[in-house]
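S.K.:
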Amino acid sequence: MPSSAHLQDPPPHLSGTLTQDEGQTSLRQSSSCGPSAASASESLSGSTESRIPHSKVRQGKGLRSIFPESRVKRYCCYGGVITVVAIAIVVPLSVTLSVKQMEQTSINNTSAASINNTSAASINNTYAACPSNWTEYGNKCFYFSEYTSNWTFSQDFCEAQEAELARFDTEEELNFLKRHKGSSNPWIGLHRESSAHPWKWTDNTEYNYFVPIRGDGLCGFLSDQLNISSSRDYVKRSWICSKPKRYISQSQ
2 MPSSAHLQDP PPHLSGTLTQ DEGQTSLRQS SSCGPSAASA SESLSGSTES
52 RIPHSKVRQG KGLRSIFPES RVKRYCCYGG VITVVAIAIV VPLSVTLSVK
102 QMEQTSINNT SAASINNTSA ASINNTYAAC PSNWTEYGNK CFYFSEYTSN
152 WTFSQDFCEA QEAELARFDT EEELNFLKRH KGSSNPWIGL HRESSAHPWK
202 WTDNTEYNYF VPIRGDGLCG FLSDQLNISS SRDYVKRSWI CSKPKRYISQ
252 SQ
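One gets my numbering by counting positions in the sequence shown from 1 and adding 1 to each.
1. Specify the secondary structure class of Phe211 as computed by DSSP and reduced to three states.
2. Looking at the structure shown, is Cys242 part of a helix, part of a strand, or coil, going by DSSP?
3. Kindly list the residues whose CB is nearer than 6 Å to the CB of Ser42, restricted to its own chain and excluding five residues on each side of it in sequence; keep chain order.
4. Using C-beta distances below 8 Å, list every residue in its chain close to Lys246, excluding the 5 sequence neighbours before and after it, in chain order.
5. Between the beta-carbon of Gly216 and the beta-carbon of His192, is there less than 9 Å?
6. Whole angstroms are fine: how far does the CA of Gln102 sit from the CA of Ile83?
7. What does Thr136 pair with, by DSSP beta-bridge criteria?
8. Excluding the 5 residues preceding and the 5 following Ser232 in the sequence, name in chain order all residues of the same chain whose CB lies nearer than 6 Å to its CB.
9. Assuming Cys242 and Leu166 make a contact with CB atoms under 8 Å, what is their CB distance in whole Å?
10. Take Pro187 as the anchor and find which of Tyr248, Ile249, Lys237 has the nearest alpha-carbon.
11. Taking Cβ positions only, does Thr149 come closer than 9 Å to chain B?
12. Rounded to a whole number of angstroms, what is the C-alpha to C-alpha distance between Asn205 and Arg168?
13. Could you name the residues of the same chain whose beta carbon sits closer than 6 Å to that of Trp152, not counting the 5 residues immediately before and after it, in chain order?
14. Quick one, are the C-beta atoms of Gln156 and Gly190 less than 9 Å apart?
15. Using the C-alpha atoms, what's the distance from Leu223 back to Glu160?
16. Could you tell me if Ala164 is buried or exposed, where buried requires 16 or more neighbouring beta carbons within 10 angstroms of its beta carbon?
17. Once DSSP output is grouped into helix, strand and coil, what is the label at Ser155?
This is the structure we're talking about:
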């Protein structure tokens with residue numbers, strides 16, 4: 002009988018065969034989809050990723066973020082341009098409107114001032130009517146007496162009417178008095194103390210002599226032929242009173 006040692010050891014030609022078969026079996030096990038294969042695949046993948054440089058990973062992330070940032074910047078640019086254009090339009094328009102408003106305000110103020118001045122002028126030029134039996138001429142009222150008296154009484158009568166013996170300040174007023182005096186030669190407000198003194202009006206202002214006074218008397222009267230003549234104050238004549246028109250109201 003063969004010994005146990007001879008039964009346990011394979012023949013030499015089978016030993017090589019078994020070694021080859023074991024190698025193929027080992028290869029098949031390593032290439033199968035079992036857990037060991039998956040672990041090996043993961044290990045390979047991990048080692049591959051570890052070999053990729055970090056800069057390329059960051060570059061990839063940067064590329065993904067380029068387009069959103071560019072779009073935001075572009076929108077910001079558009080918004081800024083629109084804002085500038087709006088300001089360029091609105092500011093001049095606001096200035097123009099403000100200037101026009103100021104001009105309109107100035108025009109309104111000027112118009113109001115003009116109206117006020119016109120009203121004030123209208124108030125200043127509004128006179129009361131002359132009293133009954135008085136004649137209006139210019140800014141004066143004249144009274145032509147139908148009675149006769151001396152120069153002193155005639156002046157007293159005029160003063161009682163808040164007037165004075167007639168005074169003329171222009172040649173037109175003198176001609177008006179001559180037209181309305183009638184056929185009489187009435188007393189007027191000229192007088193003097195003596196032939197050596199100047200002629201004065203009843204308020205003691207001097208006569209300007211633009212119409213000469215004839216005669217040697219001390220009191221003046223209107224004459225048909227000589228315009229103004231003089232005689233003694235006791236001579237009886239008609240008279241003319243004059244006074245300025247009275248304002249209805251006066252501006253302050």
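The beta-carbon is built from N, C-alpha and C at its ideal position, and this holds for glycine as well.
M.R.: The short version:
1. coil
2. strand
3. Low per-residue confidence applies at Ser42: pLDDT is 41, beneath 50, and the placement is therefore not dependable enough to give any value.
4. Tyr128, Ala129, Cys131, Glu137, Asn140, Lys141, Cys142
5. Against a cut-off of 9 Å, the Cβ pair of His192 and Gly216 comes out as no contact.
6. Distance between the alpha carbons of Ile83 and Gln102: 28 Å.
7. Phe143
8. Gly218
9. 7 Å
10. Nearest option by C-alpha distance: Lys237.
11. Among the chains of the structure shown, chain B does not appear; only one protein chain is present.
12. 12 Å
13. Trp188, Cys220, Asp234, listed in sequence order.
14. yes
15. 20 Å
16. By the neighbour-count rule (16 or more Cβ atoms within 10 Å), Ala164 is buried.
17. helix
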